[in-house]
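Once you know that position 72 of the sequence shown is 72 in UniProt numbering, the rest is easy, because the numbers rise by one and skip nothing.
Even glycine gets a Cβ: it sits at the ideal position worked out from N, Cα and C.
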Amino acid sequence: MTSVVKAIHGQYERDDKIIDLVETMDNAYGFIAVLKESPDLFPRLEAIVEATLKETLECAMFMQEYCSVGFMSRLIRQSFDTPMRRRIDDFKASFEKLGASRQEGEVIQTVLTTTSILNVVTSLHRDRILQQLQPMTMDAVERSSCLPKTRIRYLRDISAWVLDASRKDKNILWLYGLPGSGKSAIANSIAQSFRGHSRLGAFLFFNDREHLSTPAALIRTLAAQLALFDERINAAVSKALQMNPDVTKSSLAAQFTQLLVGPLNSDSVAPVSGRGAVVVVIDALESCGNPASREELLSVLVNQCGQLPKWLRVVIISRKEQDIEDALGLLPNVCRMELDITCDSNAADIEIYLRYTMGKIATSPKNRDLDLKQWPSNGDIQALSRRSAGLIIWASRASSFVDSHNPRAQLETLLASDSDCTLLDGFFADTLRSIGSWDDPDFTTSFQTVMGAMIVAEEPMTHKMIDGLFNLHEHSPSLHTIKMLGCFLTRTPADLVQPLHPTLIQYLADPRRCQGEKWFVDASQHRHVLASRCLRLVVFHLTDNYSGSPRPDRSALEHLINHTPPSVRHAFRYWTVYISSIVDKIEELPSDIRLIFIPDNFLNWCRVIEAHWTSEAVVDLASRLLKWAKV
Numbered sequence: 001m002t003s004v005v006k007a008i009h010g011q012y013e014r015d016d017k018i019i020d021l022v023e024t025m026d027n028a029y030g031f032i033a034v035l036k037e038s039p040d041l042f043p044r045l046e047a048i049v050e051a052t053l054k055e056t057l058e059c060a061m062f063m064q065e066y067c068s069v070g071f072m073s074r075l076i077r078q079s080f081d082t083p084m085r086r087r088i089d090d091f092k093a094s095f096e097k098l099g100a101s102r103q104e105g106e107v108i109q110t111v112l113t114t115t116s117i118l119n120v121v122t123s124l125h126r127d128r129i130l131q132q133l134q135p136m137t138m139d140a141v142e143r144s145s146c147l148p149k150t151r152i153r154y155l156r157d158i159s160a161w162v163l164d165a166s167r168k169d170k171n172i173l174w175l176y177g178l179p180g181s182g183k184s185a186i187a188n189s190i191a192q193s194f195r196g197h198s199r200l201g202a203f204l205f206f207n208d209r210e211h212l213s214t215p216a217a218l219i220r221t222l223a224a225q226l227a228l229f230d231e232r233i234n235a236a237v238s239k240a241l242q243m244n245p246d247v248t249k250s251s252l253a254a255q256f257t258q259l260l261v262g263p264l265n266s267d268s269v270a271p272v273s274g275r276g277a278v279v280v281v282i283d284a285l286e287s288c289g290n291p292a293s294r295e296e297l298l299s300v301l302v303n304q305c306g307q308l309p310k311w312l313r314v315v316i317i318s319r320k321e322q323d324i325e326d327a328l329g330l331l332p333n334v335c336r337m338e339l340d341i342t343c344d345s346n347a348a349d350i351e352i353y354l355r356y357t358m359g360k361i362a363t364s365p366k367n368r369d370l371d372l373k374q375w376p377s378n379g380d381i382q383a384l385s386r387r388s389a390g391l392i393i394w395a396s397r398a399s400s401f402v403d404s405h406n407p408r409a410q411l412e413t414l415l416a417s418d419s420d421c422t423l424l425d426g427f428f429a430d431t432l433r434s435i436g437s438w439d440d441p442d443f444t445t446s447f448q449t450v451m452g453a454m455i456v457a458e459e460p461m462t463h464k465m466i467d468g469l470f471n472l473h474e475h476s477p478s479l480h481t482i483k484m485l486g487c488f489l490t491r492t493p494a495d496l497v498q499p500l501h502p503t504l505i506q507y508l509a510d511p512r513r514c515q516g517e518k519w520f521v522d523a524s525q526h527r528h529v530l531a532s533r534c535l536r537l538v539v540f541h542l543t544d545n546y547s548g549s550p551r552p553d554r555s556a557l558e559h560l561i562n563h564t565p566p567s568v569r570h571a572f573r574y575w576t577v578y579i580s581s582i583v584d585k586i587e588e589l590p591s592d593i594r595l596i597f598i599p600d601n602f603l604n605w606c607r608v609i610e611a612h613w614t615s616e617a618v619v620d621l622a623s624r625l626l627k628w629a630k631v
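As structure tokens, this is what we get:
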């Protein structure tokens, strides 16, 4: 009887253990149900969840078997079944162990969840800052970079400047060059390079679209990008906005001080310098508004850029516009770098570009039936490179021109004719439209004088020659206009003024291509003007220096002509060339022309030409003049 009682008590005890096990399992499963609401679990907690589900399934199958019979049947079957009791204990121990692991995992999951929430809050905080700063949108996805093995010199030198700790006194680098020379590709490559090293603090670029060319938004956009670059800068800029919420409505000088100089020089931001130099790239500054609208911005850059921390390196890339050169050209903290389109490396870069673009055309699926495997030849590439005159934009337009139904025939047409002269028409028009005040009569007159002289003159001129020929007084020298046209005109070491590209002259002198714009230069009219100016200079010089004087010997003539201004020498050499080319409106020539035919004057002119040039030149020029006079 005692054994039976013990067995019954044992069975009750086992049933109680089963009930306790069910509660333990239920707690575990309840935990799983809660976790289902969390979409992101870290791996260790995922493993705990998986083990708990597996153990729950095993335990459920065991209890189903356990409860499949009545109490008396279990009493008879399990009274002496020690493994049954052990299995119940093992299940409970397993669930308790999983519970302990679960608690540890929950702590970690809580940390992760908290971090996630913090990231969301930080993101919202960033968005709030951006909303306050109202930065311009800068999408660099479609911007082209330099091809491999091109622009090596500039990319190397700019990178070396950024990383050179000894150059802290010059925290701004200004890379300038002619339009179409490939400056923006360099800007993009520099930005990509330093972005890859987590050192690109900001990349701003401008174009002719109005909403992307507002000087008033440059400082706000720069502050916003720097805030996104580093949390410490973010906090400092945010603090500045909290202290003065209306700073974005203040003057550009106040914005620069409160959004950049103050935050970037704060103690909390100082550790940023520990990672090395941080780079800011600003491309196409000349497209950020116009000279009038960016005047305040340039003034701020001049007066306050020196206050930026030395670990911030600013790369500014632009054309050599007059106002930008005046602002940056003489600053002691600015390192100047010119993109030289006349050097050998530039020609080599253009050849690489042409081989790349023409290679894409040759291997394009649409041209697979044209047998372009050996096309184009090295000679073709070199010929195209020469025609580019150093401008990558010409090479780009030429490639687009060739990429047609029959590339081979199109390339032959391009190389065999003057078809290339129109490739840059749209580019010329857009650039001309942006550089001057075409409603200002003083500007248009000065433009016509300078460009007219360049188009019709028989030799390249300096600004002093233009001033002398056209009697431009010191209050309106041609150099002032030439500098304003710096994106179109280059000056050699000898100070000779030359056009950006040979086809610019053809474009400006063609009324059909200029389409009625004020920059059209009437070559016939300007040749008439230049002929008159040269004639008057020659007559004045002859009557002033030789009239009534003894006939000078050869050495005296050479001394005299060598000490006259270059403009006078030009007039002596070419006035007959200009005069003899005039076929209409001859009556409008100055009456001074009759003075040149006075025997002494004509003879002295011939003797000057012989002394300074050759006797053959005398015969050629005199014959040309007499032939024209007979007509």
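Taking DSSP as the reference, what is the three-state secondary structure of residue i?
i, result
"residue 410", "helix"
"residue 274", "helix"
"residue 376", "coil"
"residue 141", "coil"
"residue 489", "strand"
"residue 461", "strand"
"residue 526", "helix"
"residue 74", "Low confidence applies to residue 74: its pLDDT is 46, below 50, so where it sits in the model is not reliable, and the reading given next is rough at best. Of the three classes helix, strand and coil, the one that applies to residue 74 here is helix, per DSSP."
"residue 136", "coil"
"residue 627", "helix"
"residue 323", "helix"
"residue 583", "coil"
"residue 563", "coil"
"residue 510", "coil"
"residue 575", "helix"
"residue 23", "helix"
"residue 330", "coil"
What does a CB cutoff of less than 8 Å around residue i pick up in its chain, not counting 5 residues either side in sequence?
i, result
"residue 627", "580"
"residue 505", "454, 455 and 499"
In the DSSP assignment, find the unbroken beta strand (DSSP E) run with residue i in it and report its ends.
i, result
"residue 497", "496-499"
Closer than 6 Å by C-beta to residue i: which residues in its own chain qualify, once you throw out the five before and the five after it? Chain order, please.
i, result
"residue 320", "176 and 486"
"residue 614", "none"
"residue 514", "520"
"residue 71", "In this predicted model, residue 71 has a pLDDT of only 44, less than 50, meaning its place in the structure is not dependable; the value taken from the coordinates is given anyway. Excluding sequence neighbours, residue 71 sits near nothing in its chain."
"residue 495", "462"
Does the Cβ-Cβ distance between residue i and residue j come in under 7 Å?
i, j, result
"residue 436", "residue 526", "no"
"residue 537", "residue 568", "yes"
"residue 242", "residue 219", "no"
"residue 650", "residue 185", "In the structure as shown, the chain begins at 1 and stops at 631. Residue 650 is therefore absent and cannot be evaluated."
"residue 390", "residue 342", "yes"
"residue 318", "residue 264", "no"
"residue 310", "residue 168", "yes"
"residue 424", "residue 357", "no"
"residue 478", "residue 450", "yes"
"residue 259", "residue 223", "yes"
"residue 313", "residue 188", "no"
"residue 481", "residue 446", "yes"
"residue 632", "residue 574", "The first residue shown for the chain is 1 and the last is 631, placing residue 632 beyond what the model contains."
"residue 194", "residue 279", "yes"
"residue 281", "residue 190", "yes"
"residue 202", "residue 173", "no"
Tell me where the alpha helix (DSSP H) around residue i begins and ends.
i, result
"residue 338", "That residue, residue 338, is in no alpha helix (DSSP H); its beta strand (DSSP E) goes 334-338."
"residue 368", "Here residue 368 belongs to no alpha helix (DSSP H), and DSSP marks it neither H nor E."
"residue 599", "599-612"
"residue 394", "392-402"
"residue 595", "593-596"
"residue 433", "425-435"
"residue 480", "478-484"
"residue 452", "441-456"
"residue 155", "152-163"
"residue 351", "344-362"
If I measure Cβ to Cβ from residue i and keep anything under 7 Å in the same chain, skipping five residues before and after, which residues do I get?
i, result
"residue 345", "153"
"residue 511", "520"
"residue 367", "361 and 407"
With 7 Å as the threshold, decide whether the Cβ of residue i is near any Cβ in chain C.
i, result
"residue 61", "Looking at the structure shown, chain C is missing, and only one protein chain is on hand."
Uninterrupted beta strand (DSSP E) stretches inside the UniProt domain "Nephrocystin 3-like N-terminal" (166-319) (no shorter than 3 residues)
Counting only runs of 3 or more, we get 172-176, 200-205, 278-283 and 312-318.
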